[in-house]
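>
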Amino acid sequence: MNERFDPAVADQRWQRVWDERQCFAASDTTDKPRAYVLEMFPYPSGRIHMGHVRNYTLGDVLARYKRMTGHEVLHPMGWDAFGMPAENAAMEKGVHPGGWTRENIANMKAQLKRLGFALDWSRELATCEPDYYGHEQALFLDLYEAGLVYRKESAVNWDPVDMTVLANEQVIDGRGWRSGALVEKRKLSQWFLKITDFAEELLEGLGDLKDWPDKVKLMQENWIGKSQGLEFAFTLSNGESLPVYTTRPDTIFGASFVAVAADHPVAQTVAEGSSEAQAFIVECKRGGTTAAELETAEKLGFDTGLTARHPFSGADLPVYIANFVLMDYGTGAIMAVPGHDQRDFDFATKYGLPIVRVVATDPAEADKPFAGEAEAGDGVIVNSDFLNGKSVADAKADVIARAEQGGWGEGKTVWRLRDWGVSRQRYWGTPIPFIHCDACGVVPVPKDQLPVVLPEDVDFQTPGNPLLRHPTWKHVDCPKCGKPATRETDTLDTFVDSSWYFLRFASQPADRPFDPGVVAQWLPVEQYIGGIEHAILHLLYARFWTRALRRTGLINVGEPFASLFTQGMVTHETYSREQNGRDVFYSPAEVERGGESATLIEDGGPVEIGRVIKMSKSKKNVVDPDAILADYGADAIRWFMISDSPPERDLPWSIAGIEGCARFVQRLWRLFGQYDAGAEGEDKALDRKRDQTVAAVADDIEALAFNKAVARVYELTTAIEKAQPSASRSSAIRAILLLVAPMMPHLAEEAWDAIGEEGLIAEAAWPPVDPALLVDDEVTIAIQVKGKLRDTVTVAKGTAKDELEALALASEKVQRALDGAEIRKVIVVPDRLVNLVA
RNA sequence: GCGGACGUGGCGGAAUGGUAGACGCAGGGGACUUAAAAUCCCUUGAGCCUUGCUCGUGCGGGUUCGAGUCCCGCCGUCCGCACCA
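No gaps in the numbering here: position 278 of the first sequence is 302 in this note's numbering, and each next residue is one more.
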């Protein structure tokens, strides 16, 4: 064996062998148990970043481990290839989005290959290719036939200077990112998917997802937002009826005004007779469409002069048009209870409206003033006539019952979840397969005419949707009547692309989206891994899409992802200098890092080491995986990714850390070099340590607690190094080689070959363990006096309680700590501790 | 603004309510070497009256024989908020 392991040679060598032997191609026809391991596929931005390396390393370790434990593993990779960055590149650099994207894919694929991931490249897909999005169009038509697709008006961010629709991230401080113009809300007719039809199912389904993080399930639950409340109608002073919805009917006596959305019919009617109301409604159109923006904006209202009669008290409440009321939720009108809703509180404070307490922690505090904010918590009802003294829950039920009895309202379930708007006024996406005909209306493209392919000859020099401007593309004959008609020029949200790619990975026939029988063999995904930022939208849409396909009879899978894991971000410290009162940042490549300081290579002067934050271009704290790969090899970078930080938390990148990993690669290599197949003699303690480590590492990998597995590998390595040569020692070396095979596959193959083993370690079996060796026969007992540790004693496992107590009392240290005090109580936990309470 | 999480040495972290700090990094000391690299050994929470004792898991309370872990209230940081992916 060579003295040093050379990753530059070994990485390439084994990557070629894996490729040639098609080691990681998943078979659809096998008797083995299946394991579908999937990481969220990347957007092809051009270069792999550390976040990708982490994500795919986590999945790869699991996939390789699953293979070693006898599973047929499906571990595919593809590209989420539609989206805005390609169009931005087209505008900025004059390149075609397709060419730019495909070049990025080629680069990133080469980078992934250099990391030695055990991926089935034969199933690679890119969502921007017609052989993917054509099937998506077919599925969209299936959902249309099932009644799950419709069109309605919906607001977008409109840039009045560029005359274009902006994404939320393109709106900065209420202005268009390029033009700087104030953005307005504009209504367009757009395509929607009826995700709300599945609200109950999606909520209920969360209960079956035992291996999803509770936080993700909770976030989805809150997002779906099922609420039981009361819908009832106020009678207005003009005789009209105004339906409102409230989740807090218990607070009805605290209502001090009524508010409607700016696009509510009542607001429209009022505006007809008032130019001031009109102006206010126009004012409400200013600004973007995001929830965060709407809710942090100053609460504004317009007094319509109308009043609404309170159903119990008969009081006349003023009716406002308010910018914080949403037309999309409930009825677009609310009864406002300032004491117990913060938005209402802010509004009432601004317009001098009464704030009445109707919930208190104690009936005696009925007139306690508010401490500058609303109180949304539980309590007892006060100042509320017949509701006084009731709990919040009882009062809710009582008011709903009275409303239903009186025939002026009814209990109702309302969802926060809104239907999914999938229209995008952009070029680089899946064309929505519909045709607009003056005579026949909106007509689906017949399936035999799919795919509707994007035109290649498009111009990005003018803002707006190139499909709309294209001279010929949209002009077609109506499939129904044959007369001239136009294509739909909106494309699909890229979340649609990522809502079924995991099905296409499992099965990809040419003539249809997938084969349901093959899909059933692989789905659900056994382990899905990706960022927490996808906790709601992507995961909810994928769950919805899967259920929608089941309802249309296309598949028989409900939940696509059996187990979900959300990994943390890769972070790095920042380097900066203050210049002219501003921080100038330097990249890690420009800086020489010492133990506790850092200097700029260019001039040798010091730079300030800043906080450890998410790698980002603006702070220049980005490290390119390729450079690391070239310096340290794939195994070192993979080892770094799984060491130290638990995968769900942030991982701080450091050059010292990667150097430590590279050193450990060499240390293992030296250890493997000491393997002696002919060594004799038994080392019971090492045998025990070996099997305990094998069992624990297996548990850790299955729990994705890789940092713990890594710590155990270090411990076993040290134990082997300290042991004398023996058959046990060689056996332990062989075991640790198998343990690290999923983590450092190149080193493992090289060593496997060097010690004379047959075949590839990638195809070897996980080492078996002897259950008898897993339990220790001795344990160390803690001896406490009044809960404080005073001594320890090592005894045989299972030593009796009274014996432990006697040992504790016999301890000199214990006697000194007791200092003659009388023992009042003794707590003995077998194999754990003795606590003497004096 | 609303929803969700996280907080333990210089750093990343470990710890079924039961010996806080496993393991790694960084630091200190030493061996080997002409020297360096590489490697190996020892050491490293803070404080003190140092056979040992006291304090210590963001802050303030509480439950318990015993709390990093459970409960209540704060503070700070991060993620999401429906057209970024």
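Note that beta-carbon positions come from the ideal geometry of N, C-alpha and C, so glycine has one too.
All values reported here derive from a predicted model rather than from experimental measurement.
Compute the distance between the beta-carbons of Tyr156 and Lys218, then report whether it is under 8 Å.
The residue given as residue 156 occupies position 132 in the first sequence. The residue given as residue 218 occupies position 194 in the first sequence. Cβ distance not < 8 Å, so Tyr156 and Lys218 don't count as in contact.
> Would you kindly report the start and end of the unbroken alpha helix (DSSP H) that includes Lys137?
As a first step, residue 137 must be located in the first sequence, where it is residue number 113. Start and end: Pro121 to Arg138.
> Can you tell me the Cβ-Cβ gap for His288 and Met351, rounded? I've got them flagged as a contact below 8 Å.
The residue given as residue 288 occupies position 264 in the first sequence. The residue given as residue 351 occupies position 327 in the first sequence. Right, their Cβ atoms sit about 6 Å apart.
> Verify whether the separation of the beta carbon atoms of Val764 and Ala756 is less than 8 Å.
Position 740 of the first sequence, counting from 1, holds the residue named residue 764. Position 732 of the first sequence, counting from 1, holds the residue named residue 756. Not a contact, by the Cβ cut-off of 8 Å.
> To the nearest angstrom, how far is the alpha carbon of Leu98 from that of Glu632?
Start at 1 with the first residue of the first sequence, and residue 98 comes out as number 74. Start at 1 with the first residue of the first sequence, and residue 632 comes out as number 608. Going by the C-alpha atoms only, they are around 46 Å apart.
> Considering only residues of the same chain and omitting the five flanking positions on each side of Pro676, which have a CB-CB separation below 6 Å?
Locating residue 676 in the first sequence gives position 652, counting from the first residue. Contacts found: Thr595 and Val636.
> Can at least three beta-carbon pairs, one atom from the stretch 414-428 and one from the stretch 178-198, be found at a separation below 8 Å?
They do not touch, by the three-pair rule.
> Spatial neighbours of Asp462 within its chain, please: C-beta separation below 8 Å, excluding the five flanking residues on both sides.
By one-based count along the first sequence, residue 462 stands at place 438. Excluding sequence neighbours, Asp462 sits near Lys507 and Ala509.
> When DSSP labels each residue in this structure, what does Leu350 get in the three-state scheme?
The residue you call residue 350 lines up with position 326 of the first sequence. Reduced to three states, the DSSP call for Leu350 is coil.
> For Glu745 versus Leu695, is the C-beta spacing smaller than 8 Å?
For the purposes of this step, residue 745 is identified with residue 721 of the first sequence, where counting begins at 1. For the purposes of this step, residue 695 is identified with residue 671 of the first sequence, where counting begins at 1. Going by C-beta atoms, Glu745 is nearer than 8 Å to Leu695.
> Alpha carbon to alpha carbon, what distance is there between Val476 and Arg450?
Position 426 of the first sequence, counting from 1, holds the residue named residue 450. Position 452 of the first sequence, counting from 1, holds the residue named residue 476. Rounded to the nearest angstrom, the two C-alpha atoms are 15 Å apart.
> Look up His770 in the DSSP assignment and say whether it is helix, strand or coil.
Position 746 of the first sequence, counted from the start, is the residue given in the question as residue 770. His770: helix per DSSP, three-state reduction.
> Within the continuous beta strand (DSSP E) that includes Gly253, where are the two ends?
Position 229 of the first sequence, counting from 1, holds the residue named residue 253. Segment Lys250 to Leu260, the beta strand (DSSP E) holding Gly253.
> Per DSSP, which one or two residues make a beta bridge with Gly445?
In the first sequence, counting from the first residue as 1, residue 445 sits at position 421. Phe216, per the DSSP bridge assignment.
> Can you tell me which of the three DSSP states Ala747 falls into?
In the first sequence, residue 747 corresponds to position 723, counting from 1. Shown here, Ala747 sits in coil according to DSSP, grouped into three states, outside any helix or strand.
> Which residues mark the beginning and the end of the beta strand (DSSP E) in which Val466 is found?
The residue you call residue 466 lines up with position 442 of the first sequence. Looking at the DSSP string, the run of the beta strand (DSSP E) that includes Val466 is Gly465 to Pro468.
> Quick check: Lys644 and Ser678, are their CB atoms within less than 8 Å of each other?
Numbered from its first residue, the first sequence carries residue 644 at position 620. Numbered from its first residue, the first sequence carries residue 678 at position 654. Between Lys644 and Ser678, the C-beta gap is not smaller than 8 Å, which leaves the two residues out of contact.
> Could you check the C-alpha separation between Ala427 and Pro57 for me, to the nearest Å?
For the purposes of this step, residue 427 is taken as the residue at position 403 of the first sequence. For the purposes of this step, residue 57 is taken as the residue at position 33 of the first sequence. Computed Cα separation, rounded: 58 Å.
> From Gly866 to Tyr60, what distance separates their C-alpha atoms?
Here the chain comprises residues numbered 25 to 862, so residue 866 is not present and cannot be evaluated.
> For the beta strand (DSSP E) that contains Phe141, what are its first and last residues?
Translated into the one-based positions of the first sequence, residue 141 becomes position 117. Premise fails: Phe141 is in no beta strand (DSSP E) and is neither H nor E.
> Which two residues bound the contiguous beta strand (DSSP E) that contains Ile358?
The residue you call residue 358 lines up with position 334 of the first sequence. Where Ile358 is concerned, the enclosing beta strand (DSSP E) stretches over Ala357 to Ala360.
> Just mark Thr515 as buried or exposed, buried being the case when its beta carbon has 16 or more other beta carbons within 10 Å.
Working through the first sequence from its first residue, we reach residue 515 at position 491. So Thr515 counts as buried.
> With a threshold of 8 Å on Cβ separation, who are the neighbours of Glu96 within its own chain once the five nearest residues in sequence on each side are excluded?
By 1-based counting over the first sequence, the position of residue 96 is 72. Excluding residues within five positions, the ones whose Cβ falls inside 8 Å are Ala50, Ser51, Thr54, Lys56, Pro57, Arg58 and Ala59.
> Hey, Gly107 and Val195 are a contact pair by Cβ (cut 8 Å); roughly how many whole angstroms apart?
What you label residue 107 is simply residue 83 of the first sequence in a count that begins at 1. What you label residue 195 is simply residue 171 of the first sequence in a count that begins at 1. With 8 Å as the limit, Gly107 and Val195 do not qualify as a contact, their Cβ atoms being about 17 Å apart.
> CB-CB under 7 Å to Arg210, same chain, minus the five flanking residues each way: which ones, in chain order?
Here the question's residue 210 lines up with position 186 in the first sequence. Taken in chain order, the residues that qualify are Ala179, Val180 and Trp182.
> Give me the Cα-Cα distance between Ile379 and Gly278, rounded to the nearest whole angstrom.
By 1-based counting over the first sequence, the position of residue 379 is 355. By 1-based counting over the first sequence, the position of residue 278 is 254. Roughly 7 Å separates the two Cα atoms.
> Which term fits His159, buried or exposed, when burial requires 16 or more other beta carbons within 10 angstroms of its beta carbon?
The residue given as residue 159 occupies position 135 in the first sequence. It is buried - the Cβ of His159 has at least 16 other Cβ atoms within 10 Å.
> Run through DSSP, which three-state label would Arg202 get?
Here residue 202 is taken as the residue at index 178 of the first sequence, counted from 1. Residue state, collapsed to three classes: coil.
> Grouping DSSP H, G and I as helix and E and B as strand, with all else coil, what is Glu44?
On the first sequence, residue 44 is found 20 positions in, with the first residue counted as 1. Glu44: helix per DSSP, three-state reduction.
> Counting only the same chain and skipping the five closest in sequence on each side, list residues whose C-beta sits under 6 Å from that of Asn192.
Position 168 of the first sequence, counting from 1, holds the residue named residue 192. The answer, listed in chain order, is Thr314.
> I need the straight-line Cα distance from Gly488 to Gly445, nearest angstrom please.
For the purposes of this step, residue 488 is taken as residue 464 along the first sequence, with counting starting at 1. For the purposes of this step, residue 445 is taken as residue 421 along the first sequence, with counting starting at 1. Near 19 Å, if we compare the C-alpha coordinates of Gly445 and Gly488.
> Throw me the rounded Cβ distance for the Ala832 and Val838 pair, which I believe falls under 8 Å.
Here the question's residue 832 lines up with position 808 in the first sequence. Here the question's residue 838 lines up with position 814 in the first sequence. Right, their Cβ atoms sit about 6 Å apart.
> Can you list, in chain order, the residues of its chain with a C-beta nearer than 8 Å to that of Asp483? Leave out the 5 residues immediately preceding and following it.
In the first sequence, counting from the first residue as 1, residue 483 sits at position 459. Contacts found: Pro490 and Arg493.
> In angstroms with no decimal places, state the Cα-to-Cα distance between Ile652 and Ser752.
Walking along the first sequence from the start, residue 652 turns up at place 628. Walking along the first sequence from the start, residue 752 turns up at place 728. The straight-line gap from Cα to Cα measures roughly 37 Å.
> Out of Arg78, Leu139, Tyr375 and Pro68, point me to the one whose CA is closest to Glu111's CA.
Within the first sequence, numbered from 1, the residue matching residue 111 stands at position 87. Per the Cα distances, Pro68.
> Closest to Val520 by C-alpha separation, out of Leu163, Val77 and Val284, would be which residue?
For the purposes of this step, residue 520 is taken as the residue at position 496 of the first sequence. For Val520, the nearest C-alpha among the options comes from Leu163.
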